Each structure stands twice: as structure tokens, then as C-alpha cells.
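According to our numbering, the sequence shown is numbered sequentially starting from 103.
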Amino acid sequence: MSGRIRVVVAKPGLDGHDRGAKVVARALRDAGMEVVYTGLHQTPEQIVATALQEDADAIGLSVLSGAHMTLFAKLVELLAERDASDIVVFGGGIIPDADLPELERIGVAKIFTPGASTQAIVDWVTQNVPARV
Numbered sequence: 103m104s105g106r107i108r109v110v111v112a113k114p115g116l117d118g119h120d121r122g123a124k125v126v127a128r129a130l131r132d133a134g135m136e137v138v139y140t141g142l143h144q145t146p147e148q149i150v151a152t153a154l155q156e157d158a159d160a161i162g163l164s165v166l167s168g169a170h171m172t173l174f175a176k177l178v179e180l181l182a183e184r185d186a187s188d189i190v191v192f193g194g195g196i197i198p199d200a201d202l203p204e205l206e207r208i209g210v211a212k213i214f215t216p217g218a219s220t221q222a223i224v225d226w227v228t229q230n231v232p233a234r235v
């Protein structure tokens, strides 16, 4: 269906806890978005390849491992290399407030920290991610 927001939800790295990512993926889907969940243990390269293949409007990363600075930076770098910086990158997980300004500086549009509601995530994506037509 044309005009729907397409989101790739991904779990990069070695973190094996994906319940939150699945809950967010379902909330986005239930709000009318097209969602592709990549599964566990994805590399930034795999995530970018999936986003390009799926013609995604956004990528949402769930990072609980503490490797958020490296993983988000690599993902943003790969998107730029593939001329795909128009794909909105957002995420969530266990990310210290002190790291948020640097993540924003490198191009991460939004980070949802523990306690964020699925409705807040859905609302933010709806308001900040333009669907490709």
C-alpha cells in the first residue's frame, strides 16, 4: 500500500534480548505502518542492506548491549556511503543521557530510553518520518 511508513526494526550486535524490539515492531504495525523485523544479531551492514532492499523510510535500532555509540555510528556511516541518509534513524534501549547529544550530532533523530511508551514511539514516528510515495 503506497503512502504507508516503512520501518525496519533491528537488533544489532550480540545482544539477545529482543522482547522490546518485538513490542515496538508490533505497535508500529498496529498503527498502520509496514514493519520488517530483522531478528537478532544483525550487523550494521545487514541492517542497511535490508533497509535499502525494503525501501524503508526509517530504521529503528534496539540496543541494550552498551555498544550503542559504535553501532549507531556505523549504521549512519553506511547509510551515507549508500546515498541513503534520507532514511530516518531512531532507536532505544539502555543508553545513558550523556550519550544522547553525540548520537544526535552523528545523525540519530531520536532515542527512546527505558520507560518510553509504545504510543510515544508511534506518535514520534508518525510525526517525524515522511512516507515515500
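Cβ atoms here follow ideal geometry from the backbone N, Cα and C, with glycine treated the same way.
Note that the structure is predicted; figures quoted are calculated from it, not measured.
Open item on the list: Within a Cβ cutoff of 7 Å, which residues of the same chain sit near Leu180, ignoring the five residues on either side of it in sequence?
Closed with: Pro146, Glu147, Val150.
Task: Alpha-carbon to alpha-carbon, Pro198 and Val125 - done: So the alpha carbons of these two residues sit roughly 22 Å apart.
Open item on the list: Checking 7 Å against the spacing of the C-beta atoms, do Leu205 and Pro114 come in under that value?
Closed with: No, the Cβ-Cβ distance between Leu205 and Pro114 is not below 7 Å.
Task: Cβ-based neighbour list, Val231, same chain, cut-off 7 Å, excluding 5 preceding and 5 following - done: Close CB contacts of Val231 within its chain, under the 7 Å cut and outside five residues either way in sequence, are with Ile107, Asp159, Ala160, Val190 (chain order).
Task: CB-CB length for Met135 against Val111, believed under 8 Å - done: Incorrect: roughly 10 Å between the Cβ atoms, too far for contact.
- [ ] For Gly168, I'd like the list of residues in its chain whose CB is within less than 8 Å of its CB, leaving aside the five on either flank, ordered along the chain.
- [x] Cβ within range, chain order: Ile196.
TODO: Give, in chain order, every unbroken run of the beta strand (DSSP E) that is at least 3 residues long and sits entirely within the region 170-229.
DONE: Restricting attention to beta strand (DSSP E) runs no shorter than 3 residues, the region 170-229 encloses them at 190-195, 212-214, ordered along the chain.
TODO: Could you spell out the range, first to last residue, of the beta strand (DSSP E) harbouring Asp108?
DONE: Sequence check: residue 108 is Arg here, not Asp. Counting along the chain, the beta strand (DSSP E) containing Arg108 begins and ends at 108-112.
Task: Check whether Gly68 and Ser164 have beta carbons under 7 Å apart - done: With the chain covering only 103 through 235, there is no way to say anything about residue 68.
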